[in-house]
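For the sequence shown, the residue numbers in my numbering are 949 to 1410. No residue lacks a Cβ here, since even glycine has one placed at the ideal position from N, Cα and C. What you are looking at is a predicted structure, and each value in this text was computed from that prediction instead of being measured. Since the structure comes first, as structure tokens, the remarks are kept for the end.
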Amino acid sequence: MAKKKLYIKSYGCQMNVYDAGRMADVMAPLGFDVVEAPDGADLVILNTCHIREKAAEKVFSDLGRLRPLKEGKAAEGGRMMVAVAGCVAQAEGAELMARAPIVDMVVGPQAYHRLPEMVAKVERQAGRQIDTDFPVEPKFDFLPAPRASGPAVFVSIQEGCDKFCTFCVVPYTRGAEYSRPAQDILVEVKRLASQGAREFTLLGQNVNAYHGQGLDGGDWGLGRLVRAVAEIEGVDRIRYTTSHPRDVDDDLIAAHREVPALTPFIHLPVQSGSDRILQAMNRGHTAAEYLAIIERLRAARDDMVFSSDFIVGFPGETEADYQATMDLIDRVRFIQAFSFKYSPRPGTPAAGMGGQVPEEEKSRRLIALQARLTEIQSAFNGGCLGQEMDVLFDRPGRHPGQLVGRSPWMQPVHVTAPEMALGSMARVRVVKASPNSLAGDVIPGSILPGVDVGDFSRRESA
Ligand code: SAH
Ligand code: SF4
Ligand code: F3S
């Protein structure tokens, strides 16, 4: 079969990054190989994000940049098909088709298992294709089994969201919550572990709302699932993201106490430290309730640390509300965070609320909040000096002879080590700390047998 070039650009969350890999998997049997640049590609997929205005606007500027490439390919007698996938496709599919003639296909996040069919239709000149259904059949049943792309892999276990925070588009773009059956997840983990994966990040828009069918036929929560994943041979580390404070239950907390593979780092977005704003956001908890959850998780494991997402300048946010967020940051001491200026999203309740905060005020608040977070992150990294920790090496460093891995707390750790250690876990003593990363020495003899990362390929060529 003649090889074709597929270029995928992903924006937004880890779910989208995961989906990009799966889209490559579904296209592989049709002879599409992933390439690193759009030039000359037979199929370009823009896997878009709708979360904030800026993210959504990128689609149109990228489509503008693709036009000359598509024309160039046509001038040579070829054809570049352009697909828009992801959350902008879901939210604005029809407008996209109308506004951007360059787009051949629009495919929503729940419909991309149908990409091959859509591509075939476009190739047959059967017209432009749009599919933004939420099909009854879960797409996972139609996707080929993923292959390990390295020692640290993602496994999608849950999708969608029923929470309807007043600022957020995700419930509209990703649809209702859906949890994959535990059996399917465990089979996938086993397969990836047998290919050499060591660290498994369980993914979902609301991952700890997981309530899939268990092996015993009953409903399993995330805690139960984590215990089953931990029993699989080769599973050294388990992470999960993204969690909602409302869904942290007793069993998940207990799992953090009892399952050593579960890392002591949780991304638990709080958005704001003000009860008034949390209520207006429809988050379903107070600042005190959030702090109580943090305390319980810390009691389960004393090395537990947290990261979060923050929104500043939500409609009606006063200086006092903002200070409440800063106070919460000081109390939890988040070691990492994503923080954003509130961006009104069409169709969400908050976009129509009174008391929209001026842009300059949002910027001022964001800068000060980020400075505080950076200070705390630097202090945490500084505190790691001289400590020993397990590091899973998952990529080569910038200089020859260097490897980079992740600590249990997600810090990138740079070491000097032979390339053969790539894909392995080792004990590292931290000798240098900077605000964003650590450097260390491998403790001699501590390199656990890993896998030859040279064996990892994104997928088998069809
Ligand atoms: N499910 C996750 C969040 C997913 S969206 C949760 O509930 O925490 C990722 C982050 O984008 C959110 O945590 C929020 O901080 C940010 N975000 C979402 N909508 C936003 C908006 N309209 N303006 C600014 N930030 C937004
Ligand atoms: Fe959006 Fe809220 Fe759902 Fe998170 S929980 S995806 S912020 S609606
Ligand atoms: Fe963006 Fe959709 Fe993810 S809006 S953050 S790509 S769920």
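DSSP state of residue i mapped onto helix, strand, coil
i: Asn964; result: helix
i: Asp1275; result: helix
i: Ser974; result: The question names Ser, yet the displayed sequence has Val at residue 974. DSSP places Val974 in helix when its eight states are reduced to three.
i: Gln1077; result: strand
i: Met1368; result: helix
i: Gly1388; result: strand
i: His1192; result: coil
i: Lys1380; result: strand
i: Lys1018; result: helix
i: Gly1160; result: strand
i: Asp1307; result: Per the sequence shown, the amino acid found at residue 1307 is Glu instead of Asp. Three-state result, Glu1307: helix.
i: Lys953; result: strand
i: Leu1396; result: coil
i: Glu1024; result: coil
i: Thr1121; result: helix
i: Asp981; result: strand
i: Asn1329; result: helix
i: Thr1296; result: coil
i: Arg1375; result: strand
i: Pro1083; result: coil
i: Glu1267; result: helix
i: Asp1338; result: strand
i: Ser1222; result: coil
i: His1362; result: strand
i: Asp1250; result: coil
i: Val1036; result: helix
i: Met1045; result: helix
i: Leu1140; result: helix
i: Val1054; result: strand
i: Asp1167; result: strand
i: Leu1210; result: strand
Bridge-paired residues (DSSP) for residue i
i: Thr1149; result: Phe1102 and Arg1187
i: Pro1344; result: Leu1351
i: Ser1255; result: His1215 and Gln1284
i: Val1177; result: According to DSSP, Val1177 bridges with nothing at all.
i: Lys1289; result: Val1260
i: Thr1322; result: Answer is none; Thr1322 lacks a bridge partner.
i: Met1066; result: Answer is none; Met1066 lacks a bridge partner.
i: Val992; result: Tyr955 and Val1030
i: Tyr1126; result: Glu1107
Distance between residue j and residue i (C-alpha atoms, nearest Å)
i: Glu1179; j: Ile1186; result: 11 Å
i: Arg1194; j: Glu1024; result: 56 Å
i: Met1229; j: Lys1021; result: 47 Å
i: Ser1222; j: Thr1364; result: 45 Å
i: Val974; j: Ala1387; result: 39 Å
i: Glu1043; j: Val1036; result: 10 Å
i: Glu1323; j: Val1101; result: 30 Å
i: Ala1272; j: Ile1315; result: 16 Å
i: Ala976; j: Gly1012; result: 27 Å
i: Phe1090; j: Asp981; result: 20 Å
i: Pro1016; j: Gln1219; result: 41 Å
i: Asn964; j: Gly1034; result: 7 Å
i: Arg1122; j: Cys1332; result: 39 Å
i: Arg1375; j: Arg1279; result: 31 Å
i: Met1053; j: Asp990; result: 13 Å
i: Gln1131; j: Gly1165; result: 10 Å
i: Phe1008; j: Ala1176; result: 44 Å
i: Glu1065; j: Leu1239; result: 49 Å
i: Thr1114; j: Val1103; result: 28 Å
i: Asp967; j: Glu1181; result: 26 Å
i: Pro1049; j: Ala1093; result: 34 Å
i: Pro1208; j: Leu1140; result: 20 Å
i: Ala1039; j: Tyr1120; result: 7 Å
Contact set for residue i: own chain, Cβ-Cβ below 8 Å, skip 5 residues either direction
i: Ala1369; result: Phe1341, Leu1351, Val1390, Ile1395 and Gly1398
i: Pro1212; result: His1204, Arg1249, Asp1251, Met1252, Val1253, Pro1356 and Trp1357
i: Met1274; result: Gly1221, Ala1316, Leu1317 and Arg1320
i: Pro1360; result: Val1352, Gly1353, Arg1354, Asn1384, Ser1385 and Leu1386
Beta-carbon contacts of residue i that lie in its chain and below 6 Å, excluding the five residues immediately before and after
i: Ser1405; result: For Ser1405, the predicted model reports a pLDDT of 43, less than 50, meaning its position is unreliable and no value from the coordinates is stated.
i: Asp1079; result: Val1055, Ala1059 and Arg1062
i: Gly1295; result: none
i: Gln1161; result: Pro1129
i: Lys957; result: Leu994
Residues of its chain near residue i, where Cβ-Cβ distance is below 7 Å and the 5 sequence neighbours each way are ignored
i: Ala1124; result: Gly1108 and Asp1110
i: Gly988; result: Lys953 and Lys1021
i: Thr1189; result: Gln962, Thr1149, Leu1151, Val1155 and His1215
i: Ala1003; result: Tyr959, Gly960 and Cys997
i: Arg1000; result: Phe1288 and Ser1291
i: Pro1366; result: none
Self-check item: Exercise answer, beta-carbon shell around ligand 2 heavy atoms below 6 Å
Solution: Cys1109, Lys1111, Phe1112, Cys1113, Cys1116, Val1118, Pro1119, Gln1153, Asn1154 and His1192
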